[in-house]
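Colleague: Residues -6 to 249, numbered by this note's numbering, are exactly what the sequence shown covers, in order. Take a look at the following structure, please.
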Amino acid sequence: MSFVPPGTGWPDDPATPSTPVATTPAQVAELAATSPSIGELTARQSVCSACPRLVAWREEVAEVKRKAYREETYWGRPIAGWGDDDPRVLIVGLAPAAHGGNRTGRIFTGDRSGDWLFASLYRTGLAAQPTSVHAGDGQRLIGARMVAAVRCAPPANKPTPEERDTCFPWLLQELRLVRPRVVVALGGFAWQAIWPALKAAGYALPSPRPPFGHGVEVPLGETTLIGCYHPSQQNTFTGRVTEAMLDAIFTRAAGL
């Protein structure tokens, strides 16, 4: 099996065998818009099959696996939003990693970026543990929630514009349901992806759009958007992102 069937006992699996599955962009839009709760929305996100290229890739990775994880079962499904159902802080990323979230079943869990991110969230009071290695490991977000603009691991970490647009209704409905006080966009892609969702969710946006940058803040009425460099290996290895820089962003987000 190249993915975990819903309802078969994976920790924190939000779906059941009866969860409706979107197989087209139109069905994504319909199922997202009609999700009555954050629980049902995440269940529907976690079984989506609307992007053939992404479905093929996430399942191929789950079947072939990386040598270091060859004895593990991979999740191999879309990664649903995760964390507090009524968050003060919403953290938006690009997409799950092929051998990170696509393996562990949870965004930013089990990869180097997540190691940096969860450690910072723990130091700033937004996570219960400094590490996160797998769904069901006891990690818990405190007043925070994580989502990805694209819910499936893409080849070369590069979703197409069509895949981003197909996934957009999931992001929009999650934003409508949780209504955070702070949105932290991790990286330029997340910054670009969150603006249309904020507009569609009814936020008053400034014009022109401020360019992305680390620490850039945009007031949106009662909500504040903050830009943050992505804690990718490239950024952390080169010193473009440091622990202090991440901690400053999340301290500010928690304070707001």
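Just so it is clear, CB atoms sit at the ideal spot from N, CA and C, and this is done for glycine as well.
Could you check the C-alpha separation between I187 and R202 for me, to the nearest Å?
Modeller: Along the sequence shown, one-based indexing puts residue 187 at 194. Along the sequence shown, one-based indexing puts residue 202 at 209. Rounded to the nearest angstrom, the two C-alpha atoms are 12 Å apart.
Colleague: Since I believe A146 is in contact with A112 (beta carbons under 8 Å), could you give me their beta-carbon distance rounded to a whole number of angstroms?
Modeller: If you number the sequence shown from 1, residue 112 lands on position 119. If you number the sequence shown from 1, residue 146 lands on position 153. Contact flag wrong, Cβ pair sits at about 22 Å.
Colleague: Can you name the start and end residues of the alpha helix (DSSP H) that A107 belongs to?
Modeller: Within the sequence shown, numbered from 1, the residue matching residue 107 stands at position 114. The question names Ala, yet the displayed sequence has Gly at residue 107. Unbroken alpha helix (DSSP H) run through G107: R105 to R116.
Colleague: Assuming P162 is part of the alpha helix (DSSP H), what are its boundary residues?
Modeller: On the sequence shown, residue 162 is found 169 positions in, with the first residue counted as 1. Element bounds for P162: P154 to V171.
Colleague: Please specify which runs of the beta strand (DSSP E), each continuous and at least 3 residues long, are wholly inside the stretch 174 to 203, giving them in chain order.
Modeller: Complete beta strand (DSSP E) runs here, min 3: 175 to 179.
Colleague: Can you grab the Cα-Cα spacing for the pair A43 / E155, in whole Å?
Modeller: Counting from one through the sequence shown, the residue named residue 43 turns up at place 50. Counting from one through the sequence shown, the residue named residue 155 turns up at place 162. Distance between the alpha carbons of A43 and E155: 11 Å.
Colleague: Which of helix, strand or coil does DSSP assign to P267?
Modeller: The shown model of the chain, from -6 to 249, leaves out residue 267, and the question about it has no answer.
Colleague: The alpha helix (DSSP H) spanning R245 covers which residue range?
Modeller: Position 252 of the sequence shown, counting from 1, holds the residue named residue 245. Run containing R245: E236 to G248, per the alpha helix (DSSP H) assignment.
Colleague: Could you spell out the range, first to last residue, of the beta strand (DSSP E) harbouring L213?
Modeller: The sequence position of residue 213 within the sequence shown is 220, counting from 1. It spans E210 to L213 - the beta strand (DSSP E) in which L213 sits, taken as one unbroken run.
Colleague: Could you pull out every residue in the same chain whose Cβ sits closer than 7 Å to the Cβ of E215, ignoring the five residues on either side in sequence?
Modeller: Counting from 1 along the sequence shown, the entry for residue 215 is found at position 222. Cβ within range, chain order: R174.
Colleague: Could you check the C-alpha separation between P89 and M238 for me, to the nearest Å?
Modeller: For the purposes of this step, residue 89 is identified with residue 96 of the sequence shown, where counting begins at 1. For the purposes of this step, residue 238 is identified with residue 245 of the sequence shown, where counting begins at 1. Roughly 22 Å between the two C-alpha positions.
Colleague: Whose C-beta lies closer than 6 Å to the C-beta of W184 among residues of the same chain, with five residues either side of it excluded?
Modeller: Within the sequence shown, residue 184 is the residue found at index 191, counting from 1. Here the set comprises A178, F205 and G220.
Colleague: I'd like to confirm the pairing. Which residues does DSSP put opposite W75 in its beta bridges?
Modeller: Along the sequence shown, read from residue 1 onward, the residue named residue 75 stands at position 82. Paired residues: M139.
Colleague: Beta-carbon separation of L87 and V171 under 8 Å?
Modeller: Mapped onto the sequence shown, residue 87 falls at position 94. Mapped onto the sequence shown, residue 171 falls at position 178. In this structure, V171 does not lie closer than 8 Å to L87 by Cβ.
Colleague: Quick check on DSSP: helix, strand or coil for T97?
Modeller: Taking the first residue of the sequence shown as position 1, residue 97 is located at position 104. In the structure shown, T97 sits in a helix (DSSP, three-state: H, G or I).
Colleague: Beta-carbon within less than 7 Å of T12's beta-carbon, same chain only, minus the 5 sequence neighbours each way: which residues are those?
Modeller: By one-based count along the sequence shown, residue 12 stands at place 19. Around T12: P(-1), A36, R37 and V40.
Colleague: Buried or exposed: which applies to V57, given that a residue is buried once 16 or more other Cβ atoms fall within 10 Å of its Cβ?
Modeller: Within the sequence shown, numbered from 1, the residue matching residue 57 stands at position 64. Exposed, by the Cβ-count rule.
Colleague: For L218 versus A197, is the C-beta spacing smaller than 8 Å?
Modeller: Position 225 of the sequence shown, counting from 1, holds the residue named residue 218. Position 204 of the sequence shown, counting from 1, holds the residue named residue 197. The answer is no: Cβ separation not under 8 Å.
Colleague: Kindly indicate which three-state DSSP category T231 falls into: helix, strand or coil?
Modeller: As a position in the sequence shown, residue 231 is number 238, starting the count at 1. Of the three classes helix, strand and coil, the one that applies to T231 here is helix, per DSSP.
Colleague: Find the nearest neighbour of R233 within the set K192, I100 and H223, judged by alpha-carbon distance.
Modeller: Residue 233 sits at position 240 when you count from the first residue of the sequence shown. The shortest Cα separation from R233 among K192, I100 and H223 belongs to H223.
Colleague: Should the stretch 9 to 25 be regarded as contacting the stretch 116 to 133, the criterion being three or more beta carbon pairs within less than 8 Å?
Modeller: The answer is no - the stretch 116 to 133 does not touch the stretch 9 to 25, with fewer than three Cβ pairs under 8 Å.
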